[in-house]
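Enquirer: My questions will all concern the structure given below.
In my numbering, the protein residues as written are 1 to 181.
The structure is reproduced here in structure tokens:
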């Protein structure tokens with residue numbers, strides 16, 4: 001929505017946006033701009049006492065026109081289907097969504113705008129290990145890599161899956177620390 005906003009932004013005294021938005025608005029000469037974390041914790045997401053049956057889960061949009069970058073990552077994950085129990089899902093909400101996250105050991109997430117999105121909070125609230133892109137602009141404001149989440153890049157994604165799916169205690173410790181945080 002940046003192009004749509006730029007035509008009306010003059011009527012506002014101050015702009016609150018994510019880190020990428022701050023950068024963009026400042027590039028266009030707007031100084032009354034501040035970072036504001038748009039997403040937060042929702043208490044309906046919680047730990048359930050159920051078995052974690054999926055090794056790697058992804059929940060979100062498969063629309064390639066919107067999620068061009070994400071499609072690349074999902075293709076890589078899909079190739080691991082012979083080795084791991086992988087669950088891709090879209091259009092899932094409410095208790096069904098909470099249950100799916102609780103059934104997942106690792107949940108892969110990739111943002112649209114390098115923002116800290118709601119899924120990060122949902123995943124950790126359900127006790128799964130959050131995998132998020134290493135070059136994200138906001139994740140480190142909330143979670144520490146290797147302590148409360150795992151940050152991946154083009155070179156290490158498959159190796160990180162292999163490591164954390166073969167080191168259960170370490171994976172569970174990081175997921176617990178993310179939940180606790």
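Idealized CB from N, CA, C, for every residue including glycine. Just so you know, these numbers come straight off a predicted model, no measurement behind them.
1) Applying the 10 Å Cβ sphere with the 16-neighbour rule, what's the burial state of residue 14?
2) Could you round the C-beta distance between residue 124 and residue 87 to whole angstroms and report it? I think they count as a contact, below 8 Å.
3) For residue 88, report the span of its beta strand (DSSP E) as first-last.
4) Along the chain, where does the beta strand (DSSP E) that runs through residue 58 open and close?
5) Should residue 4 be labelled buried (16 or more other beta-carbon atoms within 10 Å of its own) or exposed?
6) Could you tell me the alpha carbon to alpha carbon distance between residue 33 and residue 16, rounded to whole angstroms?
7) Tell me the rounded alpha-carbon separation between residue 155 and residue 132.
8) Can you tell me which of the three DSSP states residue 16 falls into?
9) If you drop the 5 nearest sequence neighbours on each side, which residues of the same chain put their C-beta closer than 8 Å to that of residue 50?
10) Please identify the residue among 9, 66, 19, 39 whose C-alpha is closest to the C-alpha of residue 118.
11) Going by other Cβ atoms of all chains shown within 10 Å of its Cβ, with 16 needed for buried, is residue 122 buried or exposed?
12) Measuring CA to CA, which of 173, 128, 109, 2 is closest to residue 52?
13) Output the boundary residues of the beta strand (DSSP E) element that contains residue 130.
14) Using a Cβ-Cβ cutoff of less than 6 Å, which residues in the same chain neighbour residue 73 once the five nearest sequence positions on both sides are dropped?
15) Would you mind stating whether residue 55 and residue 106 have Cβ atoms separated by less than 8 Å?
16) Please confirm if the region 160-172 is in contact with the region 138-145, defined as three or more CB-CB distances below 8 Å between the two stretches.
17) State buried or exposed for residue 46, treating a residue as buried only when at least 16 other CB atoms are found within 10 Å of its CB.
18) Mind listing, in chain order, the continuous beta strand (DSSP E) runs of no fewer than 3 residues lying wholly within the region 1-49?
Expert: Based on what the coordinates show:
1) Here residue 14 corresponds to residue number 14 of the chain shown, with the count starting at 1. It is exposed - the Cβ of residue 14 has fewer than 16 other Cβ atoms within 10 Å.
2) Residue 124 sits at position 124 when you count from the first residue of the chain shown. Residue 87 sits at position 87 when you count from the first residue of the chain shown. With a Cβ gap of about 18 Å, residue 124 and residue 87 do not count as contacting.
3) By one-based count along the chain shown, residue 88 stands at place 88. Where residue 88 is concerned, the enclosing beta strand (DSSP E) stretches over 86-89.
4) As a first step, residue 58 must be located in the chain shown, where it is residue number 58. Segment 54-59, the beta strand (DSSP E) holding residue 58.
5) Residue mapping note: residue 4 aligns to position 4 of the chain shown, counting from 1. It is exposed - the Cβ of residue 4 has fewer than 16 other Cβ atoms within 10 Å.
6) One-based indexing of the chain shown puts residue 33 at position 33. One-based indexing of the chain shown puts residue 16 at position 16. Distance between the alpha carbons of residue 33 and residue 16 is about 6 Å.
7) Residue mapping note: residue 155 aligns to position 155 of the chain shown, counting from 1. Residue mapping note: residue 132 aligns to position 132 of the chain shown, counting from 1. Those two C-alpha atoms are separated by around 14 Å.
8) As a first step, residue 16 is located in the chain shown; it is residue number 16 there, counting from the start. DSSP places residue 16 in strand when its eight states are reduced to three.
9) As a working note, residue 50 is residue 50 in the chain shown. Excluding positions up to five away in sequence, the list reads 99, 102, 103.
10) In the chain shown, the residue the question calls residue 118 occupies position 118. For residue 118, the nearest C-alpha among the options comes from 39.
11) On the chain shown, position 122 is the one that residue 122 refers to. Buried, by the Cβ-count rule.
12) Indexing the chain shown from 1 puts residue 52 at position 52. Residue 52 has its Cα closest to that of 128, out of 173, 128, 109, 2.
13) For the purposes of this step, residue 130 is identified with residue 130 of the chain shown, where counting begins at 1. First-last of the beta strand (DSSP E) with residue 130: 129-133.
14) Translated into the one-based positions of the chain shown, residue 73 becomes position 73. Hits under 6 Å: 110.
15) One-based indexing of the chain shown puts residue 55 at position 55. One-based indexing of the chain shown puts residue 106 at position 106. For residue 55 and residue 106, yes; Cβs fall inside 8 Å.
16) no
17) By 1-based counting over the chain shown, the position of residue 46 is 46. So residue 46 ends up on the exposed side.
18) 15-17, 33-35
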